[in-house]
Ligand SMILES: *[C@@H]1O[C@H](CO)[C@@H](O)[C@H](O)[C@H]1NC(C)=O
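In mature numbering (1 follows the signal peptide of the UniProt record, and there is no 0), the protein residues as written are -30 to -1, 1 to 446.
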């Protein structure tokens, strides 16, 4: 929730934002890429006339340097109920034995190495089911809603869960604009109800709370849970989320969520379910809140949706916050790699298009084929760790001195503010001590075959090649 940092010290936040934008522009102009994870993809690379063999064609859309080092591994997943998903499994062979130098500007005659096959043990896939027990709600602008369609459809399409989206702008959306958005969601097989706010005077943050009344009104006999979300809340899969919520009685008033991982944010904003992680109300709790909506809007100490909701829950229901592990507000700016590489099984992710930038839907794609294998880790030889869907990290100094049981605090020193949530922590490694290939692209290229592409950007000033690792998972 980007708006949150703007409150309190707007002048400072604006100045900082301006500085960051300025520095980014400078970096881009200088053609420097420091190998951070914040690179974009999707626009064609320059000067690639020669045409590549079909197996490499997709690389052109990834905005790589012309010169790349390419390696490919085929992975045959072996489903095993016996493995401990949270253990880092040791594989004695190296992950990439061969690297092939390829020039993407003249690769017509390149003959690709086929890539050796490796067996990796993975957990079973989640059983197929639908999720009519959920109504999710977001309040956002039309543009941001459109922007989020990829990640939203990743977890909502065909799920039978309902989405209520309130378009919160200065001017109400026109009938045509609403119709366009409804059509967009319908084509993605999402049961979406897209509405203007009932009360035009409310801010987006207030709408974030006030939409609960629309959600209650639109509930069906199957509805058990209302999920109050930010427009950048992402679920790798609804299956473990539904399984977690099924542990709680939906016929009682329930208020379920997570604190921020950053204790400073908890001190600042208070004890509550932070909105970006996803807040879940049982229908009885939501119905009570809906009945007191105006009163709660007028009487809250908070201008933020999640704060108003917390106050309203406390004043009018007997529900108290039930914290659920795995829901993540992700209050970490910049390099989030330590979070993703810690072996976690997140139920939700957040801030993926602002505080850090990752293609979360492509990252999580393997979840459809091997469930909890998303972010599962394997150690190859003495120096390489694959975190499935996130990165392949090579530690030039070896792994002996690195405790993979601790979370690397890559987003910057916080004085221990993340210890209560993500600890034990270890310090960010110095530059060069971890060479990360980060997932930039993933797709199901044929039924049951998933391609993941991990890239380590070379320093373009020194004409270093980009290093590209392709993993082909064969789930057939
Ligand atoms: C993998 O190897 C490391 C280092 O030798 C060891 O500490 C760890 O226990 C091993 N993990 C498993 C699951 O065997």
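Heads up, the beta-carbon is just placed ideally off N, CA and C, and yes, glycines get one too.
Reduced DSSP category for residue i - H, G, I as helix; E, B as strand; rest coil
i           : result
residue 156 : helix
residue 396 : strand
residue 186 : helix
residue 33  : coil
residue 376 : coil
residue 119 : helix
residue 276 : helix
residue 197 : strand
residue 175 : helix
residue 294 : coil
residue 74  : coil
residue 28  : helix
residue 390 : helix
residue 81  : coil
residue 224 : coil
residue 443 : strand
residue 218 : coil
residue 66  : coil
residue 407 : strand
residue 416 : strand
residue 55  : coil
residue 43  : strand
residue 326 : coil
residue 422 : strand
Expected contact under 8 angstroms - CB spacing of residue i and residue j to nearest Å
i           : j           : result
residue 47  : residue 443 : 6 angstroms
residue 299 : residue 306 : Contact doesn't hold; Cβ gap of about 12 angstroms is too wide.
residue 407 : residue 275 : 38 angstroms between Cβ atoms; not a contact.
residue 126 : residue 160 : 5 angstroms
residue 412 : residue 425 : Their Cβ separation, rounded to whole angstroms, is 12 angstroms, which puts residue 412 and residue 425 out of contact at 8 angstroms.
Where residue i falls, given that 16 or more other Cβ within 10 Å makes a residue buried
i           : result
residue 205 : buried
residue 237 : exposed
residue 433 : exposed
residue 167 : buried
residue 81  : exposed
residue 190 : exposed
residue 385 : exposed
residue 40  : buried
residue 228 : buried
residue 345 : buried
residue 329 : buried
residue 87  : exposed
residue 241 : exposed
residue 153 : exposed
residue 234 : exposed
Alpha-carbon to alpha-carbon, residue j and residue i
i           : j           : result
residue 174 : residue 313 : 35 angstroms
residue 452 : residue 394 : Lying before the first or after the last residue shown, residue 452 is absent from the chain, which here runs from -30 to 446.
residue 250 : residue 280 : 12 angstroms
residue 428 : residue 333 : 22 angstroms
residue 111 : residue 367 : 47 angstroms
residue 316 : residue 106 : 18 angstroms
residue 441 : residue 430 : 25 angstroms
residue 182 : residue 255 : 10 angstroms
residue 321 : residue 199 : 12 angstroms
residue 278 : residue 379 : 31 angstroms
residue -8  : residue 326 : Any reading at residue -8 is ruled out, since the residue's pLDDT is 49, under 50, leaving its predicted position unreliable.
residue 243 : residue 297 : 10 angstroms
residue 360 : residue 311 : 7 angstroms
residue 409 : residue 284 : 42 angstroms
residue 3   : residue 398 : Interpretation of residue 3 is limited by its pLDDT of 35, a score under 50 that renders its predicted location unreliable; the figure taken from the coordinates is listed afterwards. Going by the C-alpha atoms only, they are around 20 angstroms apart.
residue 223 : residue 247 : 20 angstroms
residue 138 : residue 146 : 16 angstroms
residue 78  : residue 22  : 5 angstroms
residue 401 : residue 373 : 18 angstroms
residue 324 : residue 268 : 30 angstroms
residue 351 : residue 245 : 41 angstroms
residue 156 : residue 253 : 26 angstroms
residue 148 : residue 211 : 30 angstroms
residue 348 : residue 446 : 21 angstroms
residue 226 : residue 131 : 18 angstroms
Boundaries (first-last residue) of the alpha helix (DSSP H) holding residue i
i           : result
residue 258 : 253 to 261
residue 332 : 330 to 333
residue 211 : 208 to 215
residue 348 : Taken as a continuous stretch (DSSP letters only), residue 348 belongs to no alpha helix (DSSP H), being part of the beta strand (DSSP E) at 347 to 350.
residue 236 : 233 to 239
residue 307 : 307 to 310
Limits of the unbroken beta strand (DSSP E) element including residue i
i           : result
residue 337 : No beta strand (DSSP E) holds residue 337; the alpha helix (DSSP H) holding it covers 337 to 340.
residue 60  : 59 to 61
residue 107 : 104 to 110
residue 356 : 354 to 357
Check: residue i C-beta below 7 angstroms from any heavy atom of ligand 2
i           : result
residue 349 : No copy of ligand 2 appears in this structure; the ligands present are ligand 1.
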